[in-house]
Every structure is written in structure tokens, then in C-alpha cells.
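Taking it in order: structure first as C-alpha cells, then the write-up.
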Amino acid sequence: MIVGLSVGLSSAQDKSAGKQISMRNAVVATPVSATAETAPVTQDVDNGVQTFLKAFVAAMNAHDPEAFFRLQAEDCATVNRTGRFFRDRASLKIQIERLLKQSFKDYQFPPFRILHQRSLTPELVILQAAWQNPSLEPPPAPPVSDMVVTFLLKKSGSVWLAEEVDSHNVEGLPAVPGETQVFPSAGATKP
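The opening residue of the sequence shown carries number 0 in numbering that gives the first Met the number 0; numbering runs sequentially from there.
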């Protein structure tokens, strides 16, 4: 457990008023456990996650922005594969509509393949999934980009909604379902 208290006193001259000002800053660290346990992934949670991922791919393959946005919380934060940050559905709307109706209009997306999944609580899941998207680069670039997409999903009633989505283009995704290429926690530089 970590507990800390830091109090600092300083003074500064308020040049506009010509007065001495005394400032007090206090920072209190709350007790924090050094290890965080996660809830087990139950069959109900796993079924909900699988339903979400299938609906996500179905919305993309139908090129239907409205179906896509029904899978996101209103304030779902998204970082796309080029690093652009969208703070909510409204800020992402123009890009998704353009991609689905123009850039990706003829593309059929493959299913996700879960690489890692953890239940933070029975209503909150974080997962990383392998996926492919059409390349945004001209030839000779490969026609598709391998990706890892991280979702933070929250149960809302009987459905799961994305609270946050983070996409990355990657090289060398594992070819075998269930196999992952991750760096060991010992800090080795190669998988």
C-alpha cells in the first residue's frame, strides 16, 4: 500500500497588485494496491464480447455508419490507426461516414481474432484483437494492413458498447489463433 502526503509552501509577488501572496499546495496520495486483480471472464461476458465484435464487423461490411455508432457510447474516445484522436461519436462521424462510403466502400472486413481479453469488472472488459483494414498507402504497399485494435467495452443494459477504441497498424501478427506475439514481462527485447 502506498500512502503519501506532500505539502509545499511558497510565496510569489503579485506584480499587478504589488502584494506578497502566500500559496499552499498539498498533494495527498490515496492508498493504492500494488497489484490489481481482474474479474474472471465469464461465459456471459465472453458471449457479449463476441456479439459486439460480430456486430462491429457486420456494420463495417454493410458500410452502415449508423449501425457502427450504435455500438459506441456517446462519449467513446477513439484513436485511429494514423494517430488521430476523436473525443466522442460526434467528432468521429465525418471520418467514419467518408471511410465507409468512399475509401472502404468495396471492402469486406474479416472477423476479429481476440489476442487478449480481461474483465476489469463484470461490466467492464478490455481486449486486444487482430484485424485487417484496407491499406491507406498506394502500391507497392500491401493491399491490407494488419492491425491490433484495443477496445474498452462497458455493459449497458443487455448490450456491450465501446467506451474507447485504439487502433494500430502492426507488423507480424500471429498466424495461429490463440498464439500471441508479446514481449515477456522480464523485459526481453524480442518475443
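Just so it is clear, CB atoms sit at the ideal spot from N, CA and C, and this is done for glycine as well.
First and last residue of the uninterrupted beta strand (DSSP E) at residue i
{"i": "L119", "result": "112-120"}
{"i": "E163", "result": "158-168"}
{"i": "A128", "result": "123-133"}
{"i": "S144", "result": "143-155"}
Residue i to residue j span [Cα, whole Å]
{"i": "H62", "j": "T120", "result": "32 Å"}
{"i": "V148", "j": "V78", "result": "10 Å"}
{"i": "E73", "j": "R88", "result": "6 Å"}
{"i": "F108", "j": "N132", "result": "7 Å"}
{"i": "S118", "j": "S102", "result": "34 Å"}
{"i": "Q127", "j": "A54", "result": "16 Å"}
{"i": "L70", "j": "G82", "result": "21 Å"}
{"i": "Q49", "j": "P142", "result": "27 Å"}
{"i": "P190", "j": "V169", "result": "The pLDDT assigned to P190 is 43, lower than 50, so where the model puts this residue is not dependable; a value taken from the coordinates is nonetheless given after this. Going by the C-alpha atoms only, they are around 14 Å apart."}
{"i": "F85", "j": "W130", "result": "20 Å"}
{"i": "N46", "j": "E136", "result": "35 Å"}
{"i": "R80", "j": "T41", "result": "30 Å"}
{"i": "R193", "j": "P139", "result": "The structure shown does not extend to residue 193, since the chain spans only 0 to 190, so no value can be given for it."}
{"i": "I95", "j": "K104", "result": "11 Å"}
Inter-residue CB distance, residue i and residue j (contact presumed, cutoff 8 Å)
{"i": "K153", "j": "E162", "result": "5 Å"}
{"i": "A58", "j": "F67", "result": "4 Å"}
{"i": "F111", "j": "L160", "result": "Rounded, the Cβ-Cβ distance is 16 Å, inconsistent with contact."}
{"i": "V44", "j": "V164", "result": "Wrong, their Cβ atoms sit about 18 Å apart, outside the cutoff."}
Where the alpha helix (DSSP H) containing residue i begins and where it ends
{"i": "P64", "result": "64-68"}
{"i": "T191", "result": "Since the first residue of the chain shown is 0 and the last is 190, residue 191 is not available in this structure."}
{"i": "A57", "result": "42-60"}
{"i": "E136", "result": "No alpha helix (DSSP H) holds E136; DSSP gives it neither H nor E."}
{"i": "Q94", "result": "88-97"}
Identified DSSP bridge partners for residue i
{"i": "Q107", "result": "Beta-bridge pairing links Q107 to no other residue."}
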